[in-house]
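Colleague: My questions all concern the structure below.
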Amino acid sequence: MGDQLDADLAALRIDRAAPRPKSRAGRWVAVAVLLAALGAAGVKGRAALEARLFKPEVAVTEITLVSPAQASVDLTSTGYVVPQATARVGAKIIGRITKVNLQEGSKVKAGDVLFELDASDQKSLLAAAKAKVSAARARAGAAKARADAAKATAEEVRAQLTRQKKLAETGTVPASTVEDLELKLKSLDAQVAVAQADWASATAEATAAGAEVQSAESGMLHTTVTAPIDGTAVTKPAQVGDVVGPTVLSALVELVDLTSVVVETGVPEAKLSLAKPGAPCEIVLDAYPDKRLRGQVLDIAPKLNRAKATGTVKVKFIEPEVRVLPEMAARVSFLQKALDPSQLKEPPKLIVPSSALFDRGGVQHVYVLEGGKVRLHPVKIGAPFAGGFVLVEGPPAGTKLVKDPPATLGDGQAVKEGST
């Protein structure tokens, strides 16, 4: 068909070197020849001619590297590595840092001392609070002693008053004696009341001062800042001489438990049913594109993103072979079945899509897109795999191919690249 088309086009070519026809009849002869050529070419010839004269738009696909696991992929999505256990460490008291026991990248255990603050102010507060406790307790002791003494004396006078009242009734003692004892008893009762009030006040002061002691002791404990979790310092820590406190917005250091990292990926709402908790996954990190890591769906967020119509799915790593860091970009493939460890070691296969293949003369071919033109390229294929065939001989991975190439397409023809 291509040879016939070339012949037809050659017949239409104008030979400018030839002598011009001497009469109008020559022009009609040329028109007749053109019409005859078009008629001979037929419908297919006209389509091929139009394809040569205009750039047809073609759909595009490409040769890809596909791992064995990807042959059973239900869904693929992208996301980022996010730690589940983090801690922004801060100071609970105002103080100046005197010692720093870690640096960025340091690994720590829960309870390790990370920072030490100047404790001189806290020591002064503690000493003053203890002094107040001692003074208040001394006053309370003295007041209680006075109250006890006055109370004992009052009891003796009360007993005397009872006896003297009986004697006064018989006229043995004068009434003035009874009156004197009554006045003395009132005075003693007043002294007891005052002493007891002093004792209660001093006791309250001692209790308040005891609370100050506890606060100062707590402040002393807070002059050492410890790690709340096992983790790694992922930020530069505060330095010696920095004044820190609970009102300072920035943390002294941020700790991350790198063993708690997962991939958080947004899955379209319509496909969330494919991401069931416990389902097997394959994880590929952009930092390690040649490493395929085993994963498993950990959890699905209880709330969807209405604007994006997606749900956040958390995928945990199963014994990762590489160092996984927060904020790494990742691609997650949700699989139909769990990965066999041996599959992870198998090299990816070079796959040519079946939609790009066509037979010509008993040999499989593809059209390769190069610089806005298509190039006919023979290929040798193997077994079917993942929606295509294993490419035994042919172009490298990433090569763009024409998808479902039309029969009118020719080698070297200019085309417009359409959708995939």
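Throughout, the working numbering is defined as the position within the sequence shown, counted from one, plus 158.
Built from N, CA and C at the ideal position, the CB exists for glycine as well.
#1: In this structure, does DSSP put D569 in helix, strand or coil?
#2: Looking at C-alpha atoms only, which residue of G436, V537, L272 is the closest neighbour of V255?
#3: Between K342 and A312, what straight-line distance do the alpha-carbon atoms span, to the nearest angstrom?
#4: Pop quiz: V419 and V482 are said to be a contact at Cβ under 8 Å. What is the actual Cβ separation, rounded to whole angstroms?
#5: Starting from the Cα of A296, find the closest Cα among T320, K267, A565, A360 and give me that residue.
#6: May I ask you to report which of helix, strand or coil DSSP gives L497?
#7: Excluding the 5 residues preceding and the 5 following P426 in the sequence, name in chain order all residues of the same chain whose CB lies nearer than 7 Å to its CB.
#8: Around the C-beta of T222, are 16 or more other C-beta atoms found within 10 angstroms, so that it is buried, or is it exposed?
#9: Could you check what DSSP says for V201 in three-state terms: helix, strand or coil?
#10: Among A362, V398, V247, L339, whose alpha-carbon lies nearest the alpha-carbon of T320?
#11: Can you tell me where the beta strand (DSSP E) with E528 in it begins and where it stops?
#12: Considering only C-alpha positions, which residue in the set Y525, A555, A303 is nearest to A355?
#13: Determine the burial state of L192: buried for a count of at least 16 other Cβ atoms within 10 Å of its Cβ, exposed for fewer.
#14: Going by C-alpha distance, which of G519, V510, Q522 is nearest F543?
#15: In its own chain, which residues sit with a C-beta less than 7 Å from the C-beta of L534, not counting the 5 before and 5 after it?
#16: Alpha carbons only, please: which of L515, K309, G368, E375 is nearest the one belonging to D347?
#17: Just the C-alpha distance for G203 and V573, rounded to the nearest angstrom, thanks.
Modeller: On the basis of the data shown:
#1: As a working mapping, residue 569 is identified with position 411 in the sequence shown. D569: coil per DSSP, three-state reduction.
#2: Locating residue 255 in the sequence shown gives position 97, where the first residue counts as 1. The displayed chain sequence assigns Ile, not Val, to residue 255. Cα-wise, what sits closest to I255 is L272.
#3: Sequence index remark: in the sequence shown, residue 342 carries index 184 (1-based). Sequence index remark: in the sequence shown, residue 312 carries index 154 (1-based). Rounded to the nearest angstrom, the two C-alpha atoms are 8 Å apart.
#4: Looking up residue 419 in the sequence shown gives position 261. Looking up residue 482 in the sequence shown gives position 324. Right, their Cβ atoms sit about 5 Å apart.
#5: Numbered from 1 along the sequence shown, position 138 holds the residue referred to as residue 296. When only C-alpha atoms are compared, the closest one is A360.
#6: For the purposes of this step, residue 497 is taken as residue 339 along the sequence shown, with counting starting at 1. L497: coil per DSSP, three-state reduction.
#7: Here residue 426 refers to the residue found at position 268 of the sequence shown. Excluding sequence neighbours, P426 sits near A467, T468.
#8: Here residue 222 refers to the residue found at position 64 when the sequence shown is read from its first residue. T222 comes out buried.
#9: Translated into the one-based positions of the sequence shown, residue 201 becomes position 43. Confidence is the limiting factor: at V201 the pLDDT is only 43, short of 50, which leaves the residue's position unreliable and the question unanswerable from this model.
#10: Here residue 320 refers to the residue found at position 162 of the sequence shown. Closest option to T320, Cα to Cα, is L339.
#11: On the sequence shown, residue 528 is found 370 positions in, with the first residue counted as 1. From DSSP, the beta strand (DSSP E) with E528 extends over 521-528.
#12: Position 197 of the sequence shown holds residue 355. Among Y525, A555, A303, the Cα nearest to that of A355 belongs to A303.
#13: The sequence position of residue 192 within the sequence shown is 34, counting from 1. Confidence is the limiting factor: at L192 the pLDDT is only 47, short of 50, which leaves the residue's position unreliable, though a coordinate-based value still follows. It counts as exposed.
#14: By 1-based counting over the sequence shown, the position of residue 543 is 385. Per the Cα distances, V510.
#15: Sequence index remark: in the sequence shown, residue 534 carries index 376 (1-based). These residues qualify, in order along the chain: H523, Y525, D569.
#16: On the sequence shown, position 189 is the one that residue 347 refers to. Ranking L515, K309, G368, E375 by Cα distance to D347 puts K309 first.
#17: For the purposes of this step, residue 203 is taken as residue 45 along the sequence shown, with counting starting at 1. For the purposes of this step, residue 573 is taken as residue 415 along the sequence shown, with counting starting at 1. Note that G203 has pLDDT 48, beneath the 50 cutoff, so the model's placement of it is unreliable and no number is given.
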